[in-house]
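Residue numbers (this note's numbering): 66 to 430.
Virtual Cβ for every residue (Gly too), placed ideally from N, Cα, C.
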Ligand code: SAM
Ligand code: SF4
C-alpha cells in the first residue's frame with residue numbers, strides 16, 4: 066500500500082514503509098518532496114548555511130573501492146596544500162561571511178598530520194576572532210586525536226558510514242583492519258561522546274545496494290541520533306575496483322531521484338538536524354543541490370579549495386566546479402539559492418538545532 070503523507074500524520078518508520086517511501090515515484094514522490102520542504106521551513110527555517118569546503122590534500126592511506134583518490138590509484142597527481150594557502154582560503158570564507166568552513170582530505174593518522182591539523186585549527190580560530198565555525202572530515206582517528214582537535218577548535222565532524230549494512234560495507238571496502246566496519250561505528254560514538262556535532266551519511270546507488278539497505282541506513286541515523294547528515298549519489302570512477310560493476314548500477318537520473326527521496330525522508334524522520342546538499346548531486350544535475358534545498362537540505366558546501374588543486378581531488382567522474390575560482394562559485398550560488406526560494410544565512414554558524422536540544426541539561430528541558 067502506498068504511503069499517503071496527506072491523510073496521515075504518522076511518519077513511516079518500519080523498514081518496509083521506509084523502503085516504499087524511498088522508492089516512490091510520480092505523484093507520491095512529489096507529495097514526499099513537498100512535505101519535506103514544508104517541514105524544513107517549519108522546523109529549521111528558510112535559511113541555508115554555507116560551509117566553505119577546503120579539500121586540502123588528496124594523500125590517502127586507505128583503499129576504499131569506490132574512491133578516485135584511493136591510495137592504490139597511481140593515475141592521480143598527489144597534492145598537499147601548504148598552510149598559508151589553507152589559511153588564505155579560511156580568510157576568504159571569513160571575509161565573505163560564510164560562517165563556517167569544512168577541512169577535508171584523504172585519511173592519514175601519522176603524528177605529523179594530526180599535529181598539523183591542531184595547529185591549523187588554532188590558527189583559523191585566531192584569524193577569524195573565533196567567529197568561523199569549523200567542521201572537519203578527516204576520517205577515522207583515535208579518541209585522543211579527536212579530543213585534541215575538539216580542543217583546538219573543531220566543533221563538528223562528518224564521518225560517513227557509507228553503508229550501515231556490514232556486508233555491503235565490506236563489499237565496497239577491503240576486508241582488513243584499516244577498513245573495519247565496527248571501528249567506523251565506534252568512531253561515530255566517540256565523536257558524539259566528546260561533544261562534537263556529529264554527522265554521517267551514505268552513498269546512494271552503490272552496486273549491490275537495495276531500497277531496504279537505504280531504509281536501514283535512515284534508521285541507523287535515527288538510532289545513532291545524529292546531528293547532521295551529508296549523503297549523495299554514488300558516481301563511478303574508472304580508476305577504481307567498483308568500476309567493473311558499472312553496468313549493474315541504476316541510471317544516473319535514478320540515483321539522483323533516490324538521493325532526493327532519501328534527503329526528504331530523513332527530513333521527515335529527523336526534522337531538526339542539519340542536512341547538506343552534497344556536491345555529487347550537482348555532478349548529475351546542474352541544479353541538483355538547489356533541488357535538494359527545496360526538499361529538506363539546509364546546508365551547502367561551496368568549494369573554496371584553490372582552483373589549481375581541484376582537478377586532483379576527483380573522487381568520481383564529472384565532479385563539478387573544478388575550474389571556477391571561489392568568488393565565481395559564491396556569486397552563482399547565491400542567485401541559485403534565491404531561485405530555490407531559500408536565503409543564505411550569512412555570517413551565521415547555522416548549528417544543528419538537534420545538537421542543541423539534545424545537549425540541554427535534563428532539568429531545563
Ligand atoms: N577521507 C575522509 C573519509 O573518507 O571520511 C574524507 C574525504 S572522502 C573523499 C569524503 C566522502 O567522499 C566519502 O565519505 C565518500 O562518501 C565520498 N566519495 C568517495 N568516492 C565517491 C564516489 N565515487 N561517489 C560519491 N561519493 C564518493
Ligand atoms: Fe581515502 Fe576517504 Fe577516499 Fe576512502 S573515501 S579512499 S578514506 S579519501
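Please look up how many angstroms separate the CB atoms of residue i and residue j, rounded, as I've assumed it's under 8 Å.
{"i": "residue 215", "j": "residue 259", "result": "5 Å"}
{"i": "residue 361", "j": "residue 113", "result": "In fact, because the Cβ distance is near 12 Å, the residues do not count as touching under 8 Å."}
{"i": "residue 121", "j": "residue 146", "result": "5 Å"}
{"i": "residue 83", "j": "residue 283", "result": "6 Å"}
{"i": "residue 332", "j": "residue 182", "result": "About 32 Å; that fails the 8 Å criterion."}
{"i": "residue 256", "j": "residue 263", "result": "5 Å"}
{"i": "residue 304", "j": "residue 133", "result": "6 Å"}
{"i": "residue 233", "j": "residue 270", "result": "So it is not a contact: roughly 12 Å between Cβ atoms."}
{"i": "residue 187", "j": "residue 217", "result": "5 Å"}
Under the DSSP definition of a beta bridge, which residues are partnered with residue i?
{"i": "residue 294", "result": "265, 340"}
{"i": "residue 112", "result": "408"}
{"i": "residue 199", "result": "166"}
{"i": "residue 375", "result": "Paired residue(s): none; residue 375 is not in a bridge."}
{"i": "residue 437", "result": "Shown here, the chain extends from 66 to 430; a query on residue 437 therefore has no answer."}
{"i": "residue 401", "result": "Residue 401 pairs with nothing; no bridge assigned."}
{"i": "residue 223", "result": "264"}
Looking only at its chain, what residues have a beta carbon closer than 7 Å to the beta carbon of residue i, apart from the 5 residues adjacent to it on each side?
{"i": "residue 421", "result": "none"}
{"i": "residue 87", "result": "276, 279, 280, 323, 326, 327, 330"}
{"i": "residue 236", "result": "273"}
{"i": "residue 348", "result": "300, 381, 383, 384, 385"}
{"i": "residue 261", "result": "215, 220, 221, 222"}
{"i": "residue 109", "result": "337, 363, 418"}
Output needed for residue i: all residues of its chain with C-beta closer than 6 Å, excluding positions within five of it in sequence on either side, in chain order.
{"i": "residue 142", "result": "377"}
{"i": "residue 413", "result": "164"}
{"i": "residue 419", "result": "292, 337, 338"}
{"i": "residue 358", "result": "113, 342, 405, 407"}
{"i": "residue 129", "result": "135, 238"}
{"i": "residue 423", "result": "none"}
{"i": "residue 231", "result": "246"}
{"i": "residue 266", "result": "225, 294, 295, 296"}
Can you find the residues in the same chain that come closer than 8 Å, C-beta to C-beta, to residue i, ignoring five residues on each side of it along the sequence?
{"i": "residue 166", "result": "116, 117, 118, 119, 154, 155, 158, 189, 197, 198, 199, 200, 369"}
Is residue i close to chain B, meaning its C-beta is less than 8 Å from at least one C-beta of that chain?
{"i": "residue 312", "result": "No chain B appears in the structure shown, which is made up of a single protein chain."}
Any heavy atom of the ligand FMN closer than 7 Å to the CB of residue i?
{"i": "residue 381", "result": "In the structure shown, the ligand FMN is absent; the only ligands present are the ligand SAM and the ligand SF4."}
Runs of beta strand (DSSP E) lying entirely within the segment 320-368, each at least 3 residues, in chain order | Every beta strand (DSSP E) stretch that sits fully inside the segment 320-368 and reaches 3 residues is listed by chain position as 339-342.
Please list, following the chain, all residues that have a C-beta closer than 6 Å to any non-hydrogen atom of the ligand SF4.
-> The set of residues whose C-beta lies within less than 6 Å of a heavy atom of the ligand SF4 reads, in chain order, 125, 127, 129, 132, 134, 135, 171, 172, 204.
Identify every run of the alpha helix (DSSP H) within the segment 116-164, keeping only runs that are complete inside it and at least 4 residues long; order them along the chain.
-> Fully enclosed alpha helix (DSSP H) runs of 4 or longer: 148-160.
Any alpha helix (DSSP H) of 4 or more consecutive residues that is wholly inside the segment 230-275 = Complete alpha helix (DSSP H) runs here, min 4: 231-236, 246-259.
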